[in-house]
Amino acid sequence: MSDTVKFHFDVDGSDFSSAGEASVTVKKKLRQLGYPPEVIRRVSIAMYEGEINMVIHANGGTADVEASDDEIVIILSDKGPGIPNVELAMQAGYSTAKDHIRNLGFGAGMGFPNMKKYTDEMRIDTVVGQGTTITMKVRF
Amino acid sequence: MTVNALCDLLDAKVLCGETDKPFLGVYAGDFLSRAMSRVEYDCIWVTIMANVNVVAVATLTEPAAIVLAEDVVLQEDALKAAQENGLTVLSSPLSAYEICVAISQLTEESGE
Ligand SMILES: Nc1ncnc2c1ncn2[C@@H]1O[C@H](COP(=O)(O)OP(=O)(O)OP(=O)(O)O)[C@@H](O)[C@H]1O
Ligand SMILES: [Mg+2]
Numbered sequence: 001m002s003d004t005v006k007f008h009f010d011v012d013g014s015d016f017s018s019a020g021e022a023s024v025t026v027k028k029k030l031r032q033l034g035y036p037p038e039v040i041r042r043v044s045i046a047m048y049e050g051e052i053n054m055v056i057h058a059n060g061g062t063a064d065v066e067a068s069d070d071e072i073v074i075i076l077s078d079k080g081p082g083i084p085n086v087e088l089a090m091q092a093g094y095s096t097a098k099d100h101i102r103n104l105g106f107g108a109g110m111g112f113p114n115m116k117k118y119t120d121e122m123r124i125d126t127v128v129g130q131g132t133t134i135t136m137k138v139r140f
Numbered sequence: 141m142t143v144n145a146l147c148d149l150l151d152a153k154v155l156c157g158e159t160d161k162p163f164l165g166v167y168a169g170d171f172l173s174r175a176m177s178r179v180e181y182d183c184i185w186v187t188i189m190a191n192v193n194v195v196a197v198a199t200l201t202e203p204a205a206i207v208l209a210e211d212v213v214l215q216e217d218a219l220k221a222a223q224e225n226g227l228t229v230l231s232s233p234l235s236a237y238e239i240c241v242a243i244s245q246l247t248e249e250s251g252e
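Here the protein sequences come in this chain order: W and C. Per the numbering used here, the very first residue in the first sequence carries number 1; after that it's consecutive. Per the numbering used here, the very first residue in the second sequence carries number 141; after that it's consecutive.
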């Protein structure tokens, strides 16, 4: 595993039913590459939450993953509405998800708390009206 | 304790997947981002959600089986996705509470 392996995905924002596909693909690839189960679990959780957020809050975006010897970097970028109050959005239980989204099982307001908990580094760059880029690192 | 034993115990139908395998622990809940961090590898996930998003979460977390409560069955696209990803899904007439109690009693009896 000495070379960095890169993955790129376009995440469709119009289809809730395929949401999570990029994360599932990354999980399967990381397993093939022999990464430890605990690392795969952390990456899966963090990436899934970020991917779903792009679908339900930002009409889709792109996901890039770079896997190397000692860390996995996940970059999720969208051109959605941006996040007006990041501190508030980070709070456990805070969600702006509408009823039809909640009926699918989303909207507990635990996505960001999960991303923070399962990664070693998380950075949110967001501009209201322009979009959001989330960079997460899982080290091992 | 195996998933097979649960089918009898919970009067459950097998919607898809292997049942001849052990499990350890139970998580009951329907919010996906809570399940995402609480469903452990090889546990039983009890829920009443039955859409493709549940299948995605289970594909990432790998419970031994999903047990759908109150006779809920997987939506058609979700069943297809569950089969493709090798998940085990059961459907029981019992409520989530009753399912948890039954598993707890069985676990105690068998001393696990
Ligand atoms: N990519 C994004 N673009 C715009 N707003 C976002 C984005 N991601 C998150 N948010 C905002 O931050 C809030 C909190 O996000 P978080 O993932 O923690 O919870 P949620 O998505 O509402 O529910 P859950 O993740 O538990 O299903 C969201 O409700 C939304 O208002
Ligand atoms: Mg979320």
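From the three backbone atoms N, C-alpha and C, an ideal C-beta is built for every residue, glycine too. A quick note: this is a predicted structure, and the numbers were derived from the prediction, not measured.
{"Check": "The alpha helix (DSSP H) spanning residue 257 of chain C covers which residue range?", "Outcome": "Limits of chain C in this structure are 141 at one end and 252 at the other, which puts residue 257 of chain C out of reach."}
{"Check": "Hey, does residue 236 of chain C have any beta-carbon neighbour from chain W nearer than 8 Å?", "Outcome": "no"}
{"Check": "Residue 111 of chain W by DSSP, collapsed to three states: which one?", "Outcome": "helix"}
{"Check": "Alpha carbon to alpha carbon, how far is residue 90 of chain W from residue 84 of chain W?", "Outcome": "12 Å"}
{"Check": "Tell me whether residue 49 of chain W, by its Cβ, gets closer than 7 Å to a heavy atom of ligand 2.", "Outcome": "yes"}
{"Check": "Kindly indicate if chain W contains any beta-carbon less than 8 Å away from that of residue 200 of chain C.", "Outcome": "yes"}
{"Check": "Got a sec: does ligand 1 put a non-hydrogen atom nearer than 7 Å to the Cβ of residue 78 of chain W?", "Outcome": "yes"}
{"Check": "On the DSSP bridge assignment, give the partners of residue 76 of chain W in chain order.", "Outcome": "W:63 and W:134"}
{"Check": "Is DSSP giving residue 71 of chain W helix, strand or coil here?", "Outcome": "strand"}
{"Check": "DSSP on residue 121 of chain W, reduced to helix/strand/coil?", "Outcome": "strand"}
{"Check": "Would you mind sorting residue 203 of chain C into buried or exposed? The rule is 16 or more other CB atoms within 10 Å of its CB.", "Outcome": "buried"}
{"Check": "Any heavy atom of ligand 2 within a distance shorter than 7 Å of the CB on residue 106 of chain W?", "Outcome": "yes"}
{"Check": "So who's on the other strand from residue 162 of chain C, going by DSSP bridges?", "Outcome": "C:142"}
{"Check": "How many Å lie between residue 167 of chain C and residue 184 of chain C at the Cα?", "Outcome": "6 Å"}
{"Check": "Going by other Cβ atoms of all chains shown within 10 Å of its Cβ, with 16 needed for buried, is residue 172 of chain C buried or exposed?", "Outcome": "buried"}
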